[in-house]
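J.: Residue numbers (my numbering): 1 to 374. Got a structure for you, questions after.
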């Protein structure tokens, strides 16, 4: 881990003056490789261990790429602040939806049993799409018993804020929403499957309410920001396809509503209320699909056939209008986040001190200058 002296000064001054990550005058970021990259006026080269490529000046491009690497660094654990900082940083950012500003951002994706990806270089698209891709990647790759529920809740909150912004401004982002829906539903499945292990440690119902409310936002207000009417068909198809996940989640909520655990009862009750529209969709379309299957003598239907049934039965579907789906608490560092950032500052300062050779008189003079920074 090596730095030039001026960068050290910038780092110390930055963290001494402010805990915010949105200072427009700060032109550096701290990626997972433990190096500070200064942004130049035209372009910069970012060096991965096995590859070299050039990205534009726009600052968020390199930050997104660094973020995707930090998700999967084998040396990272949840005790390392940079991991948490990645999620906290994007909680404040909602200005990436300009369709006229598109970027090609390489995203590193972990190899899983059902996919072999590694570094993926997608087509050029708005940075909001990249942000959603990163959140989906986090959801998919961190379903583990050492469940980072605080980061999951913040991740879901970031997705929720993006959707609220799109709804309010009527932005129809050209994004593959199916990947997001599938990730959210799989997360619900994981939480439900491992509830005996997770519930003694976490209130999983609060996380489930966040996830279901995102789906409710699509169901209730999707016509204001989904790219086409066909997106509604795909959403309903995905809900019906994995209906067992929602049935099991509703059963779990009912079990804790009737239990004596008071701290979980209110959250479970709220979850059962949030599932009203999802269950209405399932109960409305499932008989229609079964009837169509019987009428046509088919035991299994293709996706196109199910979508055809869905398109033909919207008129008789009754949904409940839910209020407050687009409301959220404004992000604030004080007072809840102050201990985290204080610890982060101490670790940065300690690492800088460990890396400086105080025998070097020039560096010694820099250290003396640091001591005068207020």
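Note that beta-carbon positions come from the ideal geometry of N, C-alpha and C, so glycine has one too.
Please state the DSSP three-state secondary structure of residue 314.
T.: As a first step, residue 314 is located in the chain shown; it is residue number 314 there, counting from the start. In the structure shown, residue 314 sits in coil (DSSP, three-state: anything other than H, G, I, E or B).
J.: When you compare only the Cα positions, how much space is there between residue 262 and residue 337?
T.: As a position in the chain shown, residue 262 is number 262, starting the count at 1. As a position in the chain shown, residue 337 is number 337, starting the count at 1. Approximately 28 Å between the Cα atoms of the pair.
J.: For residue 103, which three-state DSSP category applies?
T.: Position 103 of the chain shown, counting from 1, holds the residue named residue 103. Strand at residue 103.
J.: Hey, which unbroken runs of the alpha helix (DSSP H) at 4 residues or more fall wholly within the segment 172 to 259?
T.: Entirely contained in the segment 172 to 259, the alpha helix (DSSP H) runs reaching 4 residues are, in chain order, 177 to 193, 195 to 198, 204 to 221, 229 to 241, 243 to 257.
J.: Using DSSP with H/G/I as helix, E/B as strand and the rest coil, what is residue 319?
T.: Taking the first residue of the chain shown as position 1, residue 319 is located at position 319. Residue 319: coil per DSSP, three-state reduction.
J.: Can you tell which of 259, 312, 296, 297 has the C-alpha that lies nearest to the C-alpha of residue 285?
T.: Locating residue 285 in the chain shown gives position 285, where the first residue counts as 1. Per the Cα distances, 312.
J.: State the Cα-Cα distance for the pair residue 315 and residue 144, rounded to the nearest angstrom.
T.: Looking up residue 315 in the chain shown gives position 315. Looking up residue 144 in the chain shown gives position 144. Whole-angstrom Cα-Cα distance: 42 Å.
J.: Report the option in 205, 353, 297, 292 whose CA atom is closest to the CA atom of residue 310.
T.: What you label residue 310 is simply residue 310 of the chain shown in a count that begins at 1. Answer by Cα proximity: 292.
J.: What residue from 229, 283, 227 has the CA that sits closest to residue 242's CA?
T.: To locate residue 242, count along the chain shown from 1; it is residue 242. Ranking the options by Cα distance to residue 242, first place goes to 283.
J.: What residues in its chain sit with their C-beta under 7 Å from that of residue 236, if we drop five residues either side in the sequence?
T.: For the purposes of this step, residue 236 is taken as residue 236 along the chain shown, with counting starting at 1. Excluding positions up to five away in sequence, the list reads 281, 285, 310.
J.: To which residues does DSSP link residue 330 through a beta bridge?
T.: Here the question's residue 330 lines up with position 330 in the chain shown. Paired residues: none, contrary to the question.
J.: Go ahead and label residue 373 buried or exposed: buried means 16 or more other beta carbons lie within 10 angstroms of its beta carbon, across all protein chains shown.
T.: The sequence position of residue 373 within the chain shown is 373, counting from 1. Its Cβ having fewer than 16 others within 10 Å, residue 373 is exposed.
J.: Near residue 164, what residues of its chain come up, given a Cβ to Cβ distance below 7 Å and the 5 sequence neighbours on each side ignored?
T.: The residue you call residue 164 lines up with position 164 of the chain shown. Closer than 7 Å at Cβ, skipping near neighbours: 326, 328.
J.: Do residue 135 and residue 155 have their CB atoms nearer than 8 Å?
T.: Your numbering for residue 135 matches position 135 in the chain shown. Your numbering for residue 155 matches position 155 in the chain shown. Going by C-beta atoms, residue 135 is nearer than 8 Å to residue 155.
J.: Determine the burial state of residue 321: buried for a count of at least 16 other Cβ atoms within 10 Å of its Cβ, exposed for fewer.
T.: In the chain shown, residue 321 corresponds to position 321, counting from 1. The residue in question, residue 321, is exposed, as its Cβ has fewer than 16 Cβ neighbours within 10 Å.
J.: What's the call for residue 113, buried or exposed, on a 16-neighbour Cβ count within 10 Å?
T.: Numbered from 1 along the chain shown, position 113 holds the residue referred to as residue 113. Classification for residue 113: exposed.
J.: Quick one: give me the first and last residue of the alpha helix (DSSP H) that residue 290 is part of.
T.: Residue numbering aside, residue 290 sits at position 290 when the chain shown is read from its first letter. First-last of the alpha helix (DSSP H) with residue 290: 276 to 295.
J.: Using only the alpha-carbon positions, how far apart do residue 189 and residue 221 sit?
T.: For the purposes of this step, residue 189 is identified with residue 189 of the chain shown, where counting begins at 1. For the purposes of this step, residue 221 is identified with residue 221 of the chain shown, where counting begins at 1. Straight-line Cα distance between these residues: approximately 25 Å.
J.: Where does residue 125 fall in DSSP's three states?
T.: Here residue 125 refers to the residue found at position 125 when the chain shown is read from its first residue. Reduced to three states, the DSSP call for residue 125 is strand.
J.: Along the alpha helix (DSSP H) that carries residue 324, what are the first and last residues, could you check?
T.: For this step, residue 324 is matched to residue 324 along the chain shown. It is not in any alpha helix (DSSP H) - residue 324 carries neither H nor E in the DSSP assignment.
J.: Just the Cα atoms here: how many angstroms apart are residue 343 and residue 169?
T.: Here residue 343 refers to the residue found at position 343 of the chain shown. Here residue 169 refers to the residue found at position 169 of the chain shown. Rounded to whole angstroms, residue 343 to residue 169 spans 38 Å at the Cα level.
J.: For the segment 344 to 358 against the segment 298 to 305, do three or more pairs of beta-carbon atoms, one drawn from each stretch, fall closer than 8 Å, so that the two count as touching?
T.: No, the segment 344 to 358 does not touch the segment 298 to 305.
J.: Taking a contact to mean a Cβ-Cβ separation below 8 Å, would you say residue 209 touches residue 267 in this structure?
T.: Residue numbering aside, residue 209 sits at position 209 when the chain shown is read from its first letter. Residue numbering aside, residue 267 sits at position 267 when the chain shown is read from its first letter. Yes.
J.: Any contact between the segment 125 to 134 and the segment 172 to 179? By contact I mean 3 or more CB pairs, one from each, below 8 Å.
T.: Taking 8 Å as the limit for Cβ pairs, the verdict is that the segment 172 to 179 does touch the segment 125 to 134.
J.: Quick one, which of 234, 103, 296, 148 has its alpha-carbon nearest residue 202's?
T.: Taking the first residue of the chain shown as position 1, residue 202 is located at position 202. Of the candidates 234, 103, 296, 148, the one whose C-alpha sits nearest the C-alpha of residue 202 is 148.
J.: With distances taken from CA atoms, which of 213, 333, 107 is nearest residue 270?
T.: Within the chain shown, the letter at position 270 stands for residue 270. The candidate whose alpha carbon is nearest that of residue 270 is 213.
J.: Whose C-alpha, out of 104, 297, 130, 140, is nearest the C-alpha of residue 162?
T.: In the chain shown, residue 162 corresponds to position 162, counting from 1. Comparing Cα positions, the closest option is 130.
J.: Contact check, residue 375 vs residue 279 under 8 Å by CB: the rounded distance?
T.: Because the chain here runs from 1 to 374, residue 375 falls outside it and cannot be looked at.
J.: Below 8 Å CB to CB, which residues in the same chain sit around residue 216 once its five sequence neighbours on both sides are set aside?
T.: The residue labelled residue 216 in the question sits at position 216 within the chain shown. Contacts found: 274, 277, 278, 322, 325.
J.: When you compare each of 339, 204, 167, 247 to residue 225 by their alpha carbons, which one comes out closest?
T.: Start at 1 with the first residue of the chain shown, and residue 225 comes out as number 225. Nearest C-alpha to residue 225: 167.
J.: Is it buried or exposed for residue 183, if we count other Cβ within 10 angstroms and need 16 for buried?
T.: On the chain shown, position 183 is the one that residue 183 refers to. Buried, by the Cβ-count rule.
J.: Exposed or buried, residue 253, counting other C-beta atoms within 10 Å across all chains shown (16 or more means buried)?
T.: Residue mapping note: residue 253 aligns to position 253 of the chain shown, counting from 1. So residue 253 ends up on the buried side.
J.: Taking the straight line between their C-alpha atoms, what separation do you get for residue 260 and residue 100?
T.: Here residue 260 is taken as the residue at index 260 of the chain shown, counted from 1. Here residue 100 is taken as the residue at index 100 of the chain shown, counted from 1. Distance between the alpha carbons of residue 260 and residue 100: 55 Å.
J.: If residue 445 and residue 211 are in contact, beta carbons under 8 Å, what's the gap, nearest whole angstrom?
T.: In this structure the chain extends from 1 to 374, so residue 445 is not present and cannot be described.
J.: Are there 16 or more other CB atoms within 10 angstroms of the CB of residue 133, so buried, or fewer, so exposed?
T.: What you label residue 133 is simply residue 133 of the chain shown in a count that begins at 1. Residue 133 should be labelled buried.
J.: Alpha carbon to alpha carbon, what distance is there between residue 198 and residue 255?
T.: The residue you call residue 255 lines up with position 255 of the chain shown. The residue you call residue 198 lines up with position 198 of the chain shown. The straight-line gap from Cα to Cα measures roughly 15 Å.
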